[in-house]
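Encoded as structure tokens, the structure appears first; notes follow it.
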Amino acid sequence: MTAADLTNIEAMAPTLTKSRTRQGQLRRNLKRFLVDNKLNLIGAIIVAVFLFLALFGEWLTPHDPYAVDIVNAKLLPPSTDHLMGTDELGRDVFSRIIMGTRISLQVAVVVLSFAVIFGTIVGLIAGYAGGLVDEILMRLTDMFLAFPALVLAIAISASLGRNLRNTMIALATVFWPWYARLVRAQVLSLKEREFVEAARSLGMSRNRLILKHILPNVVAVIIIQITIDVGYAVLATSSLSFLGLGAQPPSPEWGTMLASARNYFRDAWWYMTFPGIALTLTVFAFNVLGDGLQDALNPRSGSR
Amino acid sequence: MANTITRSFVTAALSGQLNRRQILERGLALGVSTPLIAALMKRTPASAAPAPQSQRWRSGLQFEDNGTLNVIISSGTNDIDPHSTYSTMGSAIALGSYEMLVRYQGDSTEVVKPFLAESFEANEDNTLFTFTLPENVLFHDGTVCDAQAVKDSMIRFRRLEMGPYIVLQRFVDDPESQIEVVDARTVTFSMTRPQPLFLAAMASSYGPFVVSPAAWAENATEDDPWAHEFISFNAVGTGPYRLVENITTELVRFEKFDEYHRGWEGPHFSEVVMRVVNENSTRRQLLEEGTSDAITSLLTGEDVQALSENPNLTTMIYPTTRVNWAILNAVRLGVDARRGLSYAFPYDEVIEGSYSGMLERSGPIPSTVRGADPDVFLYPTDLDRAAELLTAGGFPAGSSFDMLVVSETVEDTITAQLFQASLAQIGIDLSITEIDLATYEEIIFGDAPAEEKETILGSWEWWPDYNDAHNQLAPNFLESAIGGGGSNGGAWVNERFEEIMAEAEVFENEDQLLELMKEAQQILTELDPPAIYYGETLMYTILQNDIQGFVPNPLYLESYFFYDMYRVSE
Numbered sequence: 006m007t008a009a010d011l012t013n014i015e016a017m018a019p020t021l022t023k024s025r026t027r028q029g030q031l032r033r034n035l036k037r038f039l040v041d042n043k044l045n046l047i048g049a050i051i052v053a054v055f056l057f058l059a060l061f062g063e064w065l066t067p068h069d070p071y072a073v074d075i076v077n078a079k080l081l082p083p084s085t086d087h088l089m090g091t092d093e094l095g096r097d098v099f100s101r102i103i104m105g106t107r108i109s110l111q112v113a114v115v116v117l118s119f120a121v122i123f124g125t126i127v128g129l130i131a132g133y134a135g136g137l138v139d140e141i142l143m144r145l146t147d148m149f150l151a152f153p154a155l156v157l158a159i160a161i162s163a164s165l166g167r168n169l170r171n172t173m174i175a176l177a178t179v180f181w182p183w184y185a186r187l188v189r190a191q192v193l194s195l196k197e198r199e200f201v202e203a204a205r206s207l208g209m210s211r212n213r214l215i216l217k218h219i220l221p222n223v224v225a226v227i228i229i230q231i232t233i234d235v236g237y238a239v240l241a242t243s244s245l246s247f248l249g250l251g252a253q254p255p256s257p258e259w260g261t262m263l264a265s266a267r268n269y270f271r272d273a274w275w276y277m278t279f280p281g282i283a284l285t286l287t288v289f290a291f292n293v294l295g296d297g298l299q300d301a302l303n304p305r306s307g308s309r
Numbered sequence: 037m038a039n040t041i042t043r044s045f046v047t048a049a050l051s052g053q054l055n056r057r058q059i060l061e062r063g064l065a066l067g068v069s070t071p072l073i074a075a076l077m078k079r080t081p082a083s084a085a086p087a088p089q090s091q092r093w094r095s096g097l098q099f100e101d102n103g104t105l106n107v108i109i110s111s112g113t114n115d116i117d118p119h120s121t122y123s124t125m126g127s128a129i130a131l132g133s134y135e136m137l138v139r140y141q142g143d144s145t146e147v148v149k150p151f152l153a154e155s156f157e158a159n160e161d162n163t164l165f166t167f168t169l170p171e172n173v174l175f176h177d178g179t180v181c182d183a184q185a186v187k188d189s190m191i192r193f194r195r196l197e198m199g200p201y202i203v204l205q206r207f208v209d210d211p212e213s214q215i216e217v218v219d220a221r222t223v224t225f226s227m228t229r230p231q232p233l234f235l236a237a238m239a240s241s242y243g244p245f246v247v248s249p250a251a252w253a254e255n256a257t258e259d260d261p262w263a264h265e266f267i268s269f270n271a272v273g274t275g276p277y278r279l280v281e282n283i284t285t286e287l288v289r290f291e292k293f294d295e296y297h298r299g300w301e302g303p304h305f306s307e308v309v310m311r312v313v314n315e316n317s318t319r320r321q322l323l324e325e326g327t328s329d330a331i332t333s334l335l336t337g338e339d340v341q342a343l344s345e346n347p348n349l350t351t352m353i354y355p356t357t358r359v360n361w362a363i364l365n366a367v368r369l370g371v372d373a374r375r376g377l378s379y380a381f382p383y384d385e386v387i388e389g390s391y392s393g394m395l396e397r398s399g400p401i402p403s404t405v406r407g408a409d410p411d412v413f414l415y416p417t418d419l420d421r422a423a424e425l426l427t428a429g430g431f432p433a434g435s436s437f438d439m440l441v442v443s444e445t446v447e448d449t450i451t452a453q454l455f456q457a458s459l460a461q462i463g464i465d466l467s468i469t470e471i472d473l474a475t476y477e478e479i480i481f482g483d484a485p486a487e488e489k490e491t492i493l494g495s496w497e498w499w500p501d502y503n504d505a506h507n508q509l510a511p512n513f514l515e516s517a518i519g520g521g522g523s524n525g526g527a528w529v530n531e532r533f534e535e536i537m538a539e540a541e542v543f544e545n546e547d548q549l550l551e552l553m554k555e556a557q558q559i560l561t562e563l564d565p566p567a568i569y570y571g572e573t574l575m576y577t578i579l580q581n582d583i584q585g586f587v588p589n590p591l592y593l594e595s596y597f598f599y600d601m602y603r604v605s606e
């Protein structure tokens, strides 16, 4: 077999990226996703706004989010000067929420990057190798899945120490097994497909086959899962911070803000309300976007 | 009324609280018919079952049941052994179930009055103290509390060598020979030299409680001869209330001890519940809706402000003997660095913003304690001077410190952030780590070397066991208080301070003590500070308007004498 033969085989394989039919379907689904479904559009806009704030927030904050003025500005209600009021140290809540956006999304990106990479590798190996390797890797995965996710994250975070880095480690540990399971399931199905069989019978190396034919077909499912998980990652980060296990003062992380605000909610409603709204909106938007993307990208949902 | 009296009389007789002679006397006085008296006498032992109620019955059977007193607390404690616990909650529980021989009178930190003892006296040179017990005092387990029980209890306190044992050890190092049982009701404590502070120490709410010897004898083991494990969870004292429930994370519940030696005439609560409430806002809500009757501390300044304007509540603000400070790690920080940090601390902002004005600047000894220097050196906030000293101490701009903060305490968290902002102005970074109280106390009291600890060990607060400067300083700053349960968590050692404290421990007159303490305070502040002193605490207690009888005392903090409290009908 020559290299040209292999190239031809690859060209014939129904990968997502190279399939014109699929691309056309994708465009149609995306149009339907954004235009026809107003909820998806709202979700996408909110996500876009938060991404914008995360990227450029530091130039948009009206006040220094860390500047303390406890004597003159402690727990001031919303006003033109402080759109969302001030906290117990006299810091501008609006500016802190903007800065908190970056922290929340940054954590989500780091956590999911690790979880996706590690989980995908484990899933690919387990699914493709099968047999004893599959058994060992899946039992290992099951061990992590056996614990309630947040409880496991709390335990890891508490034992490693209270800071944002350890929170990320804890959450990544909680998230990766789901990706391993997801990818493995896809691989088990894909590896029996004809185009994979064909590539294998033509002598394509195992690594190349995985990278060129199997992995690209798993990507869509992973993307959908990531979109849904961003919201959960943000929520989990805030939960750990709320419990004092995540971001530490003076970090404007939303969970940390909520934890401080609960002491004042009887006298300063704004302090708890606005970080709560920011958190709710983010989780809502990413969930809506994830669901919408699932409809748009998942081939099985195309006919619906 | 007559029926009530008769019924009470019958109940007491049937429960064995009266002997036959008492039944005869009172029965006749009440005009109860002869057959009933005869029947009751048959059910009653001939010789006196302990008759602790004699005083009560003589007084006319006027117990007025005020129901339940509901008090809010922040947490329970796993050790309620009054001879070992140094926790606020342990002391608060002990004051419900146990008694010291004497206690401070009202809001005084100088004058003591009888508590378990009926009377007491000291000889002229304060070398011999005599306590007389009332008749027929019973422990909650039904055994008699006599002079021997008092002696045995003090021996246990001394020999257990835990927590606050120095309260007794300073005066009575050898209780077996220094304490003498004169007769069943009289016990004497002889000192090896004049001890004018002995009575003050015996009024401390940390340690000198009388515990039932029978209770620990029954539960002692080879490994635990003082039954510390049993007494850590069971209270067997002579106090007015029996501990009936102690769930650390939920509540502590007491019930009236019927045989209490002071009797139950007048208005008293028959039950006291100390309920653990974790959230500030919930605490406030419980007070506003009248579900809880009392709280001391544990609220934000905003909550106190709001509750003080509530017409249904009474807010009492009073001075204490407590000082708040941040412990500095003396092993990792030299003198210049510690002085620099003291200059960098934003005192005014912390007092106003973090403590809502409930602190007054002070050194390590509060103005309410004997030995406080009114002219003690107080650091101003001076960032230029701070930068200069920190640089000299090896911490130029760009350096960083780390600080522990107890996450449950709102004031500590705010204080740390204010300090962080202040240090940031001179280019110094302060990283804050929040930890829970139990972990924090382990770091301060534990044996881990200071090299492994943070540079700034959180916000500490301390008040003396009794009104004495030496007692305030010794557990915090002596070399012997490093590790092993002492709170010199920053491992600070100063030779001259050690000499001063050794002299102060055996002071002969007040002038000498004041002179020594003045020098000690100069070392602790201006010359070689082991801590950053925020100030002395003003405390608040908030009560429902119908709760009466609470008298705040600067030494008995975050605790109540439940027996003195009652509810008035509006």
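Chains as they are written, first to last, in this note's numbering: chain S, 6 to 309; chain Y, 37 to 606. Glycine is no exception: its CB is placed at the ideal position from the N, C-alpha and C atoms.
For residue i, collect the residues of the same chain with a Cβ closer than 7 Å to its Cβ; drop the 5 residues on either side in sequence, then sort them by chain order.
| i | result |
| --- | --- |
| Arg213 of chain S | none |
| Val604 of chain Y | Asp582 and Gln584 |
| Glu555 of chain Y | Ile536 |
| Gly297 of chain S | Phe38, Asn42, Asn45 and Gly48 |
| Phe193 of chain Y | His119, Tyr201, Leu204, Gly243 and Pro244 |
Please list, in chain order, all residues of the same chain as residue i whose beta carbon is under 6 Å from its beta carbon, the five residues on each side excluded.
| i | result |
| --- | --- |
| Phe151 of chain Y | Glu135, Met136, Val138 and Arg139 |
| Ile159 of chain S | none |
| Tyr71 of chain S | Pro255 |
| Leu284 of chain S | Ser243 and Trp259 |
| Phe209 of chain Y | Here the sequence assigns Asp to residue 209 of chain Y, which means Phe is not the residue at that position. Cβ within range, chain order: n/a, list empty. |
So the alpha helix (DSSP H) residue i belongs to, where does it begin and stop?
| i | result |
| --- | --- |
| Val186 of chain Y | Ala183 to Leu196 |
| Pro83 of chain S | Pro83 of chain S -> no alpha helix (DSSP H), and no H or E assigned at all. |
| Lys554 of chain Y | Glu546 to Gln558 |
| Leu287 of chain Y | Not the alpha helix (DSSP H): Leu287 of chain Y falls in the beta strand (DSSP E), residues Leu287 to Lys292. |
Below 8 Å CB to CB, which residues in the same chain sit around residue i once its five sequence neighbours on both sides are set aside?
| i | result |
| --- | --- |
| Glu544 of chain Y | Pro230 |
| Phe289 of chain S | Gly48, Ile51 and Gly236 |
| Arg320 of chain Y | Leu335, Asp339, Ala342 and Leu343 |
| Val180 of chain Y | Pro86, Asn172, Val173 and Leu174 |
Check the Cβ-Cβ distances between residue i and every residue of chain Y, and say whether any is below 8 Å.
| i | result |
| --- | --- |
| Tyr276 of chain S | no |
| Arg213 of chain S | no |
| Phe270 of chain S | yes |
| Gln253 of chain S | yes |
| Ile75 of chain S | yes |
| Phe289 of chain S | no |
Does any residue of chain S bring its CB to less than 8 Å from the CB of residue i?
| i | result |
| --- | --- |
| Arg320 of chain Y | yes |
| Gln461 of chain Y | no |
| Thr285 of chain Y | no |
| Ile191 of chain Y | no |
| Ser443 of chain Y | yes |
Kindly indicate the opening and closing residues of the beta strand (DSSP E) around residue i.
| i | result |
| --- | --- |
| Leu44 of chain S | Where Leu44 of chain S is concerned, there is no enclosing beta strand (DSSP E), although the alpha helix (DSSP H) it sits in stretches over Lys43 to Leu65. |
| Tyr277 of chain Y | Tyr277 to Ile283 |
| Leu574 of chain Y | Ala567 to Gln580 |
| His304 of chain Y | Gly302 to His304 |
| Tyr354 of chain Y | Leu349 to Leu364 |
| Gly494 of chain Y | Ile492 to Trp498 |
| Tyr133 of chain S | Segment Val98 to Ala134 is the alpha helix (DSSP H) holding Tyr133 of chain S; no beta strand (DSSP E) there. |
Just checking my contact of residue i with residue j at CB under 8 Å: how many whole Å lie between their CB atoms?
| i | j | result |
| --- | --- | --- |
| Ser268 of chain Y | Ile116 of chain Y | 6 Å |
| Gly273 of chain Y | Phe245 of chain Y | 6 Å |
| Gln312 of chain S | Asn171 of chain S | The question about residue 312 of chain S has no answer, for chain S in this structure spans 6 to 309. |
| Gly399 of chain Y | Thr561 of chain Y | 5 Å |
Hey, is the region 355-365 of chain Y in contact with the region 590-602 of chain Y, meaning 3+ C-beta pairs nearer than 8 Å? yes
Can you find at least 3 beta carbon pairs, one from the region 192-208 of chain S and one from the region 89-105 of chain S, that sit closer than 8 Å? no
Segment contact flag, the region 365-372 of chain Y with the region 462-469 of chain Y, C-beta cutoff 8 Å, min 3 pairs: no
Say whether the region 306-318 of chain Y touches the region 526-541 of chain Y, bearing in mind that this needs 3 or more beta-carbon pairs closer than 8 Å, one atom from each stretch. no
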